[in-house]
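A.B. asks: In my numbering, the protein residues as written are 8 to 268.
Mind having a look at this structure? Questions to follow.
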Amino acid sequence: MTNEYKTVLTDEILHFLYRNASFQALDENEQQQFLEKFGKQPLFIEVIEIAIALEEMIAEVEATMPKIQDKDYLFPIEQQKQLLKDRTVIDGNVLYVPFEEMKNLYSPMIVILQQSDAMQGVEAFTKGIILPLFNLCAVQKRDLIILPFSNNPAQPLLFKNGTLEIEMFDQFLQHFLTGDAQIMPAIDKAIELFTQDNIGHQRDLMIITDNQFSDFHKLNQEVAAGKMQELDIDLAVIAMSETAFEKQPISFADKVFFAND
């Protein structure tokens, strides 16, 4: 790494990247291209710094909690064996064992990201929230799907196994939608994507929002909750304001976090 890059990419930022499984998944040439493309972009630096700060806050909270053992959050070997058994096909005296499928033990993680006029001031913050999820998905070898939305959802950004694919990441970093926010089309799109998932294990959905929706009066919370339950989707909401959330709540969320806490 040249001194030119170090003037922008501090040791702390480089350390964050090189210990990130999604960055490690790139080969050496791709890593160099990634740093050359994004290393001097102020938004990229700001997003990384926010992600680092969030990690430090999470670490402080975890330090006060009982230690979680690896077996508690990694896919248990017994379940791996059962999943392999369930997907084995017997044709006469021939067994067809889907070893390739076993590379994908987790359903995709989908992040619905509000990008309306009202959210422009927190663009870097919301993207910084997402950045650590790349590492988690890379460790678990699960796909990360980012679904930006305003009036309508944009084209989903698919990061296979959480890998920081350069051109796709550039879209994530540089593009920002405008207009008002409609939550229903975004939720419907996420549900549609989950119906295409054949793994059916740990379907995680996150919504990052300011809870200022122009179509909130059309949102049938009971119907949405039923769809989430039917597909076994775990929904977490990161709301920019507790006050705004109380005015337009997503009541079927399993977990809610407030950015202003």
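Idealized CB from N, CA, C, for every residue including glycine.
No experiment lies behind these values; they were computed from the predicted model shown.
Suppose the cutoff is 6 Å on Cβ atoms and the five residues either side in sequence are ignored; what does the same chain contact list for Met213 look like?
C.D. replies: Mapped onto the sequence shown, residue 213 falls at position 206. The residues are Val118 and Ala243.
A.B. asks: Cα separation between Phe265 and Met64?
C.D. replies: Indexing the sequence shown from 1 puts residue 265 at position 258. Indexing the sequence shown from 1 puts residue 64 at position 57. In a straight line, the C-alpha of Phe265 is about 14 Å away from that of Met64.
A.B. asks: Would you check if there are 3 or more beta carbon pairs closer than 8 Å linking the stretch 123-138 to the stretch 46-63?
C.D. replies: Segments in contact, yes.
A.B. asks: Taking Lys196 as part of the alpha helix (DSSP H), name the residues at either end of that continuous run.
C.D. replies: Within the sequence shown, the letter at position 189 stands for residue 196. Lys196 -> alpha helix (DSSP H) spans Ile190 to Thr202.
A.B. asks: Is it buried or exposed for Tyr113, if we count other Cβ within 10 angstroms and need 16 for buried?
C.D. replies: For the purposes of this step, residue 113 is taken as residue 106 along the sequence shown, with counting starting at 1. So Tyr113 ends up on the buried side.
A.B. asks: With respect to the beta strand (DSSP E) encompassing Thr216, which residues constitute its N-terminal and C-terminal limits?
C.D. replies: Here the question's residue 216 lines up with position 209 in the sequence shown. From DSSP, the beta strand (DSSP E) with Thr216 extends over Arg210 to Thr216.
A.B. asks: Can you tell which of Ser29, Phe220 and Ile215 has the C-alpha that lies nearest to the C-alpha of Val263?
C.D. replies: Along the sequence shown, read from residue 1 onward, the residue named residue 263 stands at position 256. The residue with the shortest Cα to Cα distance from Val263 is Ile215.
A.B. asks: Taking all protein chains shown into account, decide if Thr170 is buried (16 or more other Cβ within 10 angstroms of its Cβ) or exposed.
C.D. replies: The sequence position of residue 170 within the sequence shown is 163, counting from 1. That one is buried.
A.B. asks: Hey, is the stretch 149-163 in contact with the stretch 180-193, meaning 3+ C-beta pairs nearer than 8 Å?
C.D. replies: The stretch 149-163 vs the stretch 180-193: in contact.
A.B. asks: Let me make sure I understand the geometry here. Which of Ala232, Asp177 and Leu42 has the alpha-carbon closest to that of Asp261?
C.D. replies: Mapped onto the sequence shown, residue 261 falls at position 254. Here the closest residue by C-alpha is Ala232.
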